[in-house]
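Visitor: Below you will find the structure I want to go over with you.
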Amino acid sequence: MIQSKLTKKDLKSDQEVRWCPGCGDYAILNAAYAALAELGIKKENFVWVSGIGCSSRFPYYVDSYGFHTIHGRAPAFATGIRTANPELSVWLATGDGDGLSIGGNHMIHVLRRNVDVKILLFNNEIYGLTKGQYSPTSPIGHRSKSTPFGSVDRPFNPLSVALGAGATFVARTPDNDVKHMNQTIRQAAAHKGCAFVEVYQNCVIFNDGAFDEIYDKKVRKERTINLQAGQPMVYGTEMDKGLRLREFHVERVSAEDADVWDPHLESPAKAFLLAQLDQDPDMPNAIGLLRQVEAPVFEHDVRRQVDEATEKKGRGKLADLIYSSDTWEVD
Amino acid sequence: MIQSKLTKKDLKSDQEVRWCPGCGDYAILNAAYAALAELGIKKENFVWVSGIGCSSRFPYYVDSYGFHTIHGRAPAFATGIRTANPELSVWLATGDGDGLSIGGNHMIHVLRRNVDVKILLFNNEIYGLTKGQYSPTSPIGHRSKSTPFGSVDRPFNPLSVALGAGATFVARTPDNDVKHMNQTIRQAAAHKGCAFVEVYQNCVIFNDGAFDEIYDKKVRKERTINLQAGQPMVYGTEMDKGLRLREFHVERVSAEDADVWDPHLESPAKAFLLAQLDQDPDMPNAIGLLRQVEAPVFEHDVRRQVDEATEKKGRGKLADLIYSSDTWEVD
Amino acid sequence: MTREIGTELPLQQQESVVIRFAGDSGDGMQITGNQFTGTSAGVGNDLATLPDFPAEIRAPAGTRPGVSGFQIHFGSSEVHTPGDAPDVLVAMNPAALAVNLSDLKPGGIVVVNTGNFKETDLKKAKLERSPLGDGSLEGFRVISIDINERVKKALEDSPLSAKDVQRCKNFWTLGMMYWLYSRPLEPTMNWLATKFAKRPELVEANQKALQSGFNAGDIHEMFQGRYEVPACDVMPPGTYRNIMGNPALGLGLMAGSELAGLDIFLGAYPITPASDILHQLSGYKHYGVVTMQAEDEIAAICAAIGASYTGYLGMTATSGPGLALKTEAMGLAVAVELPLVIIDVQRAGPSTGMPTKVEQADLLQCVFGRNSEAPMPVLAASTPSDCFDIGIEACRIAVQYMTPVVVLTDNYLANGSEPWRLPKLEDLEPFEVEFRTDPEGYQPYSRDEKGARPWVKPGTPGLEHRIGGLEKEHLTGNICYDADNHELMTNLRHNKVMAVRDSIPTPEVFGPESGDLLVVGWGSTLGAITGAVDRLQKKDASVGRMHLRHLWPLPAGLDEIFSRYKAILVPEYNMGQMARILRSEYQSHSFHSYPKVQGKPFTTTELMHKITGILES
Amino acid sequence: MTREIGTELPLQQQESVVIRFAGDSGDGMQITGNQFTGTSAGVGNDLATLPDFPAEIRAPAGTRPGVSGFQIHFGSSEVHTPGDAPDVLVAMNPAALAVNLSDLKPGGIVVVNTGNFKETDLKKAKLERSPLGDGSLEGFRVISIDINERVKKALEDSPLSAKDVQRCKNFWTLGMMYWLYSRPLEPTMNWLATKFAKRPELVEANQKALQSGFNAGDIHEMFQGRYEVPACDVMPPGTYRNIMGNPALGLGLMAGSELAGLDIFLGAYPITPASDILHQLSGYKHYGVVTMQAEDEIAAICAAIGASYTGYLGMTATSGPGLALKTEAMGLAVAVELPLVIIDVQRAGPSTGMPTKVEQADLLQCVFGRNSEAPMPVLAASTPSDCFDIGIEACRIAVQYMTPVVVLTDNYLANGSEPWRLPKLEDLEPFEVEFRTDPEGYQPYSRDEKGARPWVKPGTPGLEHRIGGLEKEHLTGNICYDADNHELMTNLRHNKVMAVRDSIPTPEVFGPESGDLLVVGWGSTLGAITGAVDRLQKKDASVGRMHLRHLWPLPAGLDEIFSRYKAILVPEYNMGQMARILRSEYQSHSFHSYPKVQGKPFTTTELMHKITGILES
Ligand SMILES: Cc1ncc(C[n+]2csc(CCOP(=O)(O)OP(=O)(O)O)c2C)c(N)n1
Ligand SMILES: Cc1ncc(C[n+]2csc(CCOP(=O)(O)OP(=O)(O)O)c2C)c(N)n1
Ligand code: SF4
Ligand code: SF4
Ligand SMILES: [Mg+2]
Ligand SMILES: [Mg+2]
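Chains as they are written, first to last, in this note's numbering: chain A, 101 to 431; chain B, 101 to 431; chain C, 351 to 967; chain D, 351 to 967.
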């Protein structure tokens with residue numbers, strides 16, 4: 101039901117935005133306003149769901165329906181909402197702590213079920229709201245309030261976790277590239293099924309510059325590669341470098357020799373490999389669309405069963421249930 | 101501290117085993133007795149931890165220390181136990197419901213942290229103890245008590261989940277091959293770090309024959325391939341078939357052309373691809389050792405920090421803490 | 351087909367009888383019990399039943415853990431419980447005898463299948479000697495029959511294999527019991543014909559076995575007489591069916607949702623003894639019911655709250671350990687003020703405890719077990735069929751007050767059964783929900799006269815708003831840290847829940863209007879309390895009884911009622927949780943707590959004993 | 351360095367003063383407050399402090415949500431609370447003034463930095479007009495100073511940038527307040543020298559600002575006189591330090607583990623206001639402390655139980671919503687009977703609520719909020735420094751009784767500070783744990799005279815055994831579904847927890863031995879109650895007070911004490927949770943509940959008012 105498009109302003113709620121000045125969340129919010137406005141969805145049909153964290157304040161700032169729930173559980177709420185009413189466009193704002201620490205299980209299950217919910221995971225590699233503890237995406241050795249000697253646990257790669265769980269849409273986007281965010285959000289919206297978007301997000305207060313090595317203006321062209329469907333995998337300040345996959349190895353080659361990227365492959369193994377380039381300082385980090393495939397969507401099939409049963413048997417009557425099995429009369 | 105080996109009998113506890121007659125769990129228990137006995141570990145140094153489920157009754161039957169905890173949380177208990185005392189050989193028995201449904205988050209986190217715990221996940225694609233509901237590993241369309249019209253959610257591939265979480269040891273073994281189980285359990289024991297072993301386990305009561313298509317005596321040689329480090333990837337009744345990896349595709353070839361399997365690759369992408377062969381009815385299912393790499397072990401580094409701090413500053417004195425900062429006298 | 355022969359044997363009338371069928375899990379005792387139940391209901395008895403499942407899925411055949419039991423209490427006057435001690439024990443093997451004998455009434459009848467008392471059978475049951483020969487059965491009337499042999503003979507001509515023939519044992523036994531208690535064979539004959547319609551050889555064999563068992567009694571081989579338990583004449587007229595608590599609750603929720611004009615979304619995670627509610631509702635798809643087996647209890651309740659948010663009637667069903675996991679989300683449901691029905695089928699604890707045993711010890715958890723002040727109504731069903739009414743009541747309160755509501759039942763209610771007089775659907779009062787759609791003057795946290803805030807479906811234009819777990823400003827619902835507002839909101843939430851009191855009746859007192867003792871119960875103790883108090887009242891004891899179905903808030907008028915009795919006795923399956931609540935609410939009365947924490951229900955006898963003790967002191 | 355000039359101004363003695371420093375989050379008000387505190391402690395005042403952090407991490411500069419405050423109450427007699435209404439408000443900008451002015455005592459002093467009252471500043475604070483000119487400040491003594499300008503002038507010669515110069519404002523203000531209250535500059539001068547040792551230009555600038563502020567007062571520019579609050583002579587002799595509740599608790603746990611002879615394993619998941627305990631203990635690695643930031647609260651407690659199982663002293667620290675998640679595992683800890691310390695730093699709810707505001711509403715959750723009967727001791731600290739003692743007490747009970755123990759504190763204790771008289775370590779009584787190693791006659795569920803079962807470290811040869819959440823047989827610990835055993839075990843667990851009562855003192859009553867009213871408090875209400883009751887006692891009111899630190903089981907002797915008063919008042923930051931417990935335990939007394947649910951503490955005044963009301967009625 102396409103209708104006259106919204107403007108960004110239509111989507112701004114009357115609540116004062118309360119993130120720290122300079123926080124990457126502002127840029128994400130702005131990109132979202134712009135992208136959502138263009139979708140042709142009525143604003144009353146958006147539902148933004150979140151857990152707890154700085155990132156999870158997001159719903160308050162969008163003038164649609166919103167539910168700021170409890171820490172880590174947003175995917176479960178979103179599943180209930182979307183399954184109960186598949187007319188709604190359900191979006192989820194979460195953090196690396198909310199979505200991958202306490203909420204890791206709901207996250208992998210919403211991905212497994214392929215519930216049509218669009219997930220933006222604001223990865224700032226830190227707990228912002230609780231003032232600076234390390235998170236499951238913080239690199240080994242990260243000194244934080246709770247790890248004064250440096251963290252010792254290996255971090256998750258959020259995209260790997262998502263792919264391992266069977267995600268049908270996986271993308272990554274940096275909070276300092278509004279255009280890229282906008283495009284990624286719109287791709288997520290267009291996907292039929294659960295979309296997982298990791299946003300590299302800068303927390304100016306507790307983890308400032310966490311991604312500077314990758315995405316600072318000075319280095320971004322060399323340190324990121326933007327994967328786009330059907331496009332050669334090229335990068336570099338002059339767009340002269342490329343990647344090629346050979347025998348399960350990613351090779352750096354010249355742009356001409358770069359492979360063309362296909363996010364629609366049946367096997368997620370290639371995306372899995374590319375998601376993990378961030379381990380290698382000599383490689384560009386993959387951003388953009390890593391995976392997008394079609395698969396059964398949970399709530400569609402749930403509703404199909406309801407519809408089929410109703411069609412076959414007719415809408416059930418309470419009396420039939422109650423007066424069903426062996427009854428007898430007393431008079 | 102190798103010492104005179106135990107016998108299977110030493111490891112049998114005095115508790116009556118209470119699984120259903122014919123349950124695959126018996127075979128796993130027997131394989132475990134045999135494998136554990138050979139490890140040269142004193143029986144008092146084993147700790148078996150479990151959650152809730154048929155499979156989670158396991159600890160009662162091993163005459164060592166054991167902790168039958170609560171549903172889904174065994175990895176967290178095991179992490180505490182092993183981190184507090186890295187001298188102990190900590191084993192975890194869990195089910196597809198316990199370990200991947202309610203316990204999914206703890207599972208991915210224990211794998212991420214690479215805590216040296218050996219995990220046997222009894223995958224029977226069903227909830228046994230609660231009498232037959234579908235599980236997150238049940239195939240789509242599975243009719244169970246809670247899905248009378250067939251399940252609609254896509255199942256997890258347990259090995260993919262583990263690899264996505266960063267597992268350093270991943271293997272699969274069938275409950276109807278004692279020798280293979282025994283070998284796999286011993287490989288897990290030898291690994292330095294967290295070992296994840298999926299055991300195909302038959303629940304005779306609620307999901308009998310779930311794996312017959314793969315591992316029944318009649319078909320197993322054609323439908324499974326046993327991955328072994330440094331060995332060619334061959335299978336078939338005559339061991340005449342093989343697998344070869346080309347450009348992210350797995351190809352069926354003759355035994356001579358088969359690739360040699362290397363579970364020690366830095367990237368988990370290849371293991372990821374092979375773990376998912378079970379999706380393809382024309383391919384053999386991978387059993388055996390899919391991944392084994394070295395990585396920092398959580399509890400070692402935790403203890404290293406404690407030791408280093410103690411070495412550097414000397415064992416802390418309570419008085420120093422209490423009388424530390426600005427004090428003044430009142431007299 | 352059922353020849354009325356043997357009528358020359360003395361026929362003794364009995365007011366009520368308790369029979370326990372016990373055998374190996376494989377012996378079909380549940381079917382036997384259910385058939386006896388159906389037939390007895392058909393002849394007009396009042397009755398109550400209780401199965402006793404083994405804790406293991408399939409314990410090895412013949413062992414004690416493998417024993418499966420089914421007890422039925424049927425009578426010509428009102429029957430309140432499945433019965434204390436059985437009058438008759440049917441023991442299909444040594445393990446069944448060993449496990450159940452101690453419960454049998456002194457002088458009771460024990461029917462033993464001697465065909466299963468071979469050396470190996472005794473060994474499986476961990477018996478050194480056969481109880482048939484060692485005096486264990488002294489003081490009972492023992493009927494020893496080699497049922498194995500009888501069935502074999504009876505089905506000599508059957509095409510069935512020897513093993514399959516033996517599987518007809520239970521119908522042979524049932525036939526014999528039918529003879530003994532003068533029940534007709536038709537209902538079971540018909541049931542067999544339908545059940546095995548596709549396998550006529552099974553119909554024939556089982557029908558033959560049934561008839562042969564009946565005849566075996568008939569031709570005086572074993573019994574000195576037979577009994578008759580006439581139809582119960584105090585059962586109110588109506589259409590009845592036999593029902594267990596779990597399915598009755600499921601139907602109550604269905605009825606409640608229909609009365610509210612809503613569809614159900616049930617988010618659940620399997621757990622004994624609540625799983626059957628999920629199983630049941632997942633079969634009701636053509637009623638618009640959506641069920642979801644979530645990844646855990648937390649996701650289950652969160653999904654249900656999400657569904658309520660969209661305008662569904664969200665529900666979740668669990669047992670104690672699962673409820674413990676839901677408490678954080680329950681607090682959120684209180685904060686966002688959405689309807690939600692939370693079912694807790696209690697079981698014995700703490701922790702995993704004894705999942706198949708009865709307890710009522712989640713009461714305080716449900717009333718108070720949340721962080722901060724998070725009040726919500728708590729209801730409890732008192733009989734299997736009352737589960738239906740409580741299900742409706744929970745839906746009503748949830749939608750009328752925009753609040754989560756807890757329903758407590760237990761193991762004993764869940765699996766116990768009794769005749770249920772079916773309601774006339776047109777008598778059920780609807781409480782249809784109206785969703786707010788008018789943007790004019792809309793405030794997310796305005797309240798109606800009940801204290802409920804408006805319910806708005808996302809997708810409604812012009813009413814966009816945000817909710818969440820942070821404290822909200824009165825009316826606007828905006829995040830608000832103001833001190834006075836917080837106190838106001840805390841009071842508004844509290845008052846709203848307390849106002850439920852205005853919509854519930856003061857419970858009836860049965861017995862003297864005032865007197866020495868009032869027995870106050872809640873939940874599944876109703877049957878036992880009724881039985882005990884009724885009997886004592888017949889002996890003119892000054893004791894009344896009252897049963898609570900609304901546990902929080904407690905109904906109005908209790909204080910006044912309590913003041914009419916010298917003392918109040920509160921029997922419950924916990925360490926005195928309701929007694930604690932009553933003491934804290936009604937300080938000026940004298941409450942005696944009567945805790946029982948054995949994983950099994952009160953017997954009428956022990957309750958009578960306790961009451962008499964108090965009355966005498 | 352600090353010239354004692356200006357002494358010719360009238361010097362007025364005051365018994366106690368409450369100052370609130372308020373400014374933008376970037377203005378350094380916490381440092382200012384802490385310096386004033388340290389200096390006041392050094393001159394021998396008794397004191398109590400409370401910071402008031404903004405709810406947001408970094409709200410935009412100059413806005414109301416960005417205001418950060420710090421209140422100090424210091425005196426020459428005993429100080430019980432951070433004070434009700436401030437005598438002096440220091441407001442660094444319009445937002446700080448707007449947010450805090452209503453709290454100021456009538457006739458109080460307000461110091462305003464007029465340098466920040468430009469049009470844009472007012473706008474950020476959402477003020478239409480300047481409160482300096484619109485009569486808002488009527489009734490107060492207003493000291494208007496352009497501190498921005500003053501600092502600029504004072505540091506004309508500084509090499510610092512203009513922006514950095516402005517960052518010295520708080521020290522200039524502090525200097526002025528030092529002058530006004532006759533405090534020495536040395537402590538802060540020294541602190542600055544150490545703090546910025548590596549940046550001498552900062553040392554110099556800030557010291558200069560401090561001195562200049564002091565001089566500004568000195569040269570009578572603004573004040574008619576200055577004040578002196580002499581040293582407090584009722585403080586018991588000893589070594590003191592100023593401490594907040596969270597660190598005191600951390601130290602208490604350290605001391606407790608040392609007294610038990612064990613190492614600590616803390617499993618925690620960050621949550622306001624409990625996270626600091628994790629931060630603190632994670633710095634104590636050379637004390638053998640292992641800390642683990644788990645993936646969630648459930649994993650945190652489970653890992654801690656696992657560690658306890660190996661012989662560590664397992665602990666976990668959280669706040670209400672996190673505690674809600676731990677309840678299932680707490681039940682397991684009860685069932686397996688292992689020591690565990692569970693800390694709940696309470697905050698306002700329900701649900702996420704108001705994370706930075708105080709409440710005591712998790713009491714019932716902690717005492718009763720678990721499935722089935724799962725009793726465990728619950729303690730509460732009553733002052734910041736009492737957190738230390740409660741930490742030790744929790745360790746003692748946990749290991750002596752082999753039980754999980756809950757420690758309740760709250761936001762107000764956690765961040766409030768007071769002088770702590772340091773214990774002599776040799777006075778602390780050890781309670782060293784002995785692990786069982788002897789296989790001879792070992793039974794996992796045998797019990798000692800306290801009811802505790804033996805603690806065995808895995809790895810001990812010959813004592814291999816299994817534990818778990820299913821009901822266990824008495825002594826052997828084997829799984830057991832027996833009815834009588836379940837009742838026995840339920841009672842044993844209950845009695846063990848109740849037996850803790852034998853090891854705790856009856857709380858002291860302060861005031862008349864009997865009388866009209868006893869005020870019973872628990873937790874952080876101590877200061878306010880003490881202040882109010884003391885004052886009324888001085889007026890000869892018949893009111894006593896008693897404070898509970900052991901909430902479950904309650905100490906012995908309460909019934910007798912309660913019977914000596916006509917009425918009992920229970921003030922608490924919830925809807926009457928302790929009052930409910932007391933009513934349910936001690937039925938024959940008259941308890942008045944005095945709830946306050948505003949996310950902020952009682953004032954002495956409102957408590958006095960309430961008490962007087964009851965005394966008069
Ligand atoms: C049950 C529960 N546990 C803990 C918390 C405290 N808490 C709030 S947000 C948060 C983590 C925030 O980190 P992240 O999800 O990365 O979000 P960010 O603030 O960095 O955007 C925590 C631990 C809580 N609110 N509820
Ligand atoms: C908190 C909680 N929720 C639910 C249960 C009920 N429960 C026990 S085991 C189980 C699942 C068992 O399935 P799985 O882990 O696959 O083990 P299996 O029995 O198949 O070996 C469930 C749902 C429980 N004991 N505790
Ligand atoms: S703390 Fe970090 S993530 Fe949170 S609002 Fe501030 S800058 Fe953003
Ligand atoms: S139910 Fe299934 S998994 Fe459980 S013991 Fe029986 S056969 Fe094994
Ligand atoms: Mg974060
Ligand atoms: Mg299973």
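For glycine and all other residues, C-beta sits at the position ideal for the given N, C-alpha and C. In this text, all values refer to a predicted model and were calculated from it rather than measured experimentally.
I'd like to know if C/G595 contacts chain B, where contact means its C-beta is closer than 8 Å to some C-beta of that chain.
Guide: Working through the third sequence from its first residue, we reach residue 595 of chain C at position 245. Answer no: the Cβ-Cβ gap between C/G595 and chain B never drops below 8 Å.
Visitor: Under the assumption that D/K455 contacts D/P436 (Cβ atoms under 8 Å), give the Cβ distance between them as a whole number of angstroms.
Guide: Sequence index remark: in the fourth sequence, residue 455 of chain D carries index 105 (1-based). Sequence index remark: in the fourth sequence, residue 436 of chain D carries index 86 (1-based). Yes, D/K455 and D/P436 are in contact; Cβ-Cβ is about 7 Å, under 8 Å.
Visitor: Based on DSSP bridge pairs, tell me the residues matched to D/F941.
Guide: What you label residue 941 of chain D is simply residue 591 of the fourth sequence in a count that begins at 1. D/F941 pairs with D/I918.
Visitor: Are the CB atoms of A/R212 and B/D378 nearer to each other than 8 Å?
Guide: By 1-based counting over the first sequence, the position of residue 212 of chain A is 112. By 1-based counting over the second sequence, the position of residue 378 of chain B is 278. Cβ atoms of A/R212 and B/D378: not closer than 8 Å.
Visitor: Using alpha carbons as the reference points, say which of C/V755, C/G865 and C/D514 lies closest to C/T677.
Guide: Locating residue 677 of chain C in the third sequence gives position 327, where the first residue counts as 1. Of the listed residues, the one whose Cα sits closest to C/T677 is C/V755.
Visitor: Pairing CB atoms from the region 942-955 of chain D with CB atoms from the region 920-929 of chain D, are three or more of them under 8 Å?
Guide: yes
Visitor: What number of angstroms, rounded off, separates the C-alpha of A/G166 from the C-alpha of C/V847?
Guide: Within the first sequence, numbered from 1, the residue matching residue 166 of chain A stands at position 66. Within the third sequence, numbered from 1, the residue matching residue 847 of chain C stands at position 497. Cα to Cα, the separation comes out at about 25 Å.
Visitor: Can you determine whether any heavy atom of ligand 6 sits closer than 7 Å to the C-beta of B/I70, and answer yes or no?
Guide: Because chain B here runs from 101 to 431, residue 70 of chain B falls outside it and cannot be looked at.
Visitor: Between A/L390, A/E338, A/M383 and A/P381, which has its C-alpha nearest A/V360's C-alpha?
Guide: Taking the first residue of the first sequence as 1, we reach residue 360 of chain A at position 260. The shortest C-alpha separation from A/V360 is found at A/L390.
Visitor: What residue from C/S938, C/L904, C/A802 and C/L603 has the CA that sits closest to C/L778's CA?
Guide: Within the third sequence, the letter at position 428 stands for residue 778 of chain C. Looking at the Cα atoms, C/L603 is the closest of the given residues.
Visitor: Taking 7 Å as the cut-off, does the CB of A/S235 come closer than this to any heavy atom belonging to ligand 1?
Guide: Position 135 of the first sequence, counted from the first residue, corresponds to residue 235 of chain A. Under cutoff, so the answer is yes.
Visitor: Using a Cβ-Cβ cutoff of less than 6 Å, which residues in the same chain neighbour A/G414 once the five nearest sequence positions on both sides are dropped?
Guide: Indexing the first sequence from 1 puts residue 414 of chain A at position 314. The answer is none, since no qualifying residue turns up.
Visitor: Going by Cα to Cα distance, which pick from C/N540, C/V691, C/P857 and C/S632 is closest to C/M896?
Guide: On the third sequence, position 546 is the one that residue 896 of chain C refers to. Measuring C-alpha to C-alpha distances from C/M896 to each of C/N540, C/V691, C/P857 and C/S632 identifies C/P857 as the nearest.
Visitor: Check each residue of the region 182-198 of chain B: if its Cβ is closer than 7 Å to any Cβ of chain D, include it; give the result in chain order.
Guide: Answer in chain order: T183, A184, N185, E187 and L188.
Visitor: Which residues, taken in chain order from the region 355-376 of chain A, show a beta carbon closer than 8 Å to some beta carbon of chain B?
Guide: L365, S367, P368, A369, K370, F372, L373 and Q376
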